[in-house]
Amino acid sequence: MVYKSRSTDDNLHLGANGKRFSDAKFMRKNPTETEKILWQALRNRQLKGYKFRRQHPLFHFIADFYCHEVKLVVEIDGDYHQDITQKEKDEGRTYELTKYDIKVIRFKNEEVLNNLNDVLTQITKFIKSIET
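Sequential numbering from 315 applies to the sequence shown in the numbering used here.
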């Protein structure tokens, strides 16, 4: 069996470097409470059979969740994402990912904590809109 080097798997990781992989590994071992909750609902193809990866390196970024089949990043935003500087960074990150035809959908921590079913419904609808 031939394995591709992570750093050269441009299709799945968009050329992410080794530092991104080690940072992602650390983040997977230290998830936020909302990441844990959403991951339990997305893992093992539980959402309509789509495979999601958590803390997935893409280009210069690490996506909270990524579905390569439909090129969708799902981000969970904590309070610091309300800061104007962070909002600008998030917009720039989204812009960079759209260059690779990757869509980004964002949810606030409170949405995941208080209404997980609605979050999953929104993700499902978003995926359907991508596929059509």
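In this text, a Cβ means the ideal position worked out from N, Cα and C, and glycines have one as well. All values derive from a computational prediction rather than experimental measurement.
Can you tell me whether residue i is buried or exposed? The criterion is at least 16 other CB atoms within 10 Å of its CB, across all chains shown.
{"i": "V316", "result": "At V316 the pLDDT is 31, less than 50, meaning the model places this residue with poor confidence; the figure from the coordinates comes in the next sentence. With fewer than 16 Cβ atoms within 10 Å of its Cβ, V316 is classed as exposed."}
{"i": "Y409", "result": "exposed"}
{"i": "D378", "result": "buried"}
{"i": "R359", "result": "exposed"}
{"i": "E349", "result": "buried"}
{"i": "I264", "result": "Lying outside 315 to 446, the shown extent of the chain, residue 264 is not represented and no answer is given."}
{"i": "G406", "result": "exposed"}
{"i": "T446", "result": "exposed"}
Could you pull out every residue in the same chain whose Cβ sits closer than 8 Å to the Cβ of residue i, ignoring the five residues on either side in sequence?
{"i": "L430", "result": "I351, L352, A355"}
{"i": "D323", "result": "Residue placement at D323 is poorly supported in this model, since its pLDDT is 45, which falls under 50; the coordinates still yield a value, given next. Taken in chain order, the list of residues that qualify is empty."}
{"i": "D404", "result": "E389, D391, H395, R420"}
{"i": "E425", "result": "D432, V433"}
{"i": "T412", "result": "V418"}
{"i": "T438", "result": "L361, K362"}
{"i": "N344", "result": "none"}
{"i": "R357", "result": "F366, R368"}
{"i": "I444", "result": "V384, K385, L386, K417"}
Only counting the same chain, and skipping five residues up and downstream in sequence, which positions put a Cβ closer than 6 Å to that of residue i?
{"i": "F421", "result": "I390, V433"}
{"i": "D415", "result": "K385"}
{"i": "F440", "result": "I419"}
{"i": "Q436", "result": "none"}
Using alpha carbons as the reference points, say which of the options lies closest to residue i.
{"i": "K442", "options": "L386, V426, T412", "result": "L386"}
{"i": "V418", "options": "M341, F340, A338, C381", "result": "C381"}
{"i": "K339", "options": "T446, I437, I376", "result": "I376"}
{"i": "L427", "options": "N325, E347, D337, L326", "result": "E347"}
Using C-beta distances below 7 Å, list every residue in its chain close to residue i, excluding the 5 sequence neighbours before and after it, in chain order.
{"i": "R342", "result": "R368, Q369"}
{"i": "V337", "result": "Looking at the sequence provided, one finds Asp at residue 337 rather than Val. Excluding sequence neighbours, D337 sits near I376."}
{"i": "L326", "result": "H382"}
Query raised in the report: Quick one: any contact between the stretch 364-375 and the stretch 328-340, if contact means 3 or more CB pairs under 8 Å?
Result: Touching, yes.
Query raised in the report: Which full runs of the alpha helix (DSSP H) of 4+ residues lie inside the stretch 361-432, going along the chain?
Result: Given a length threshold of 4 residues, each whole run of the alpha helix (DSSP H) inside the stretch 361-432 is given here in chain order: 398-412, 423-428.
**Report entry** Those runs of the alpha helix (DSSP H) which lie wholly inside the stretch 326-359 and span at least 4 residues
**Finding:** When DSSP assignments are scanned along the stretch 326-359, the uninterrupted stretches of alpha helix (DSSP H) that are 4 or more residues long and fall wholly within it turn out to be 332-343, 347-356.
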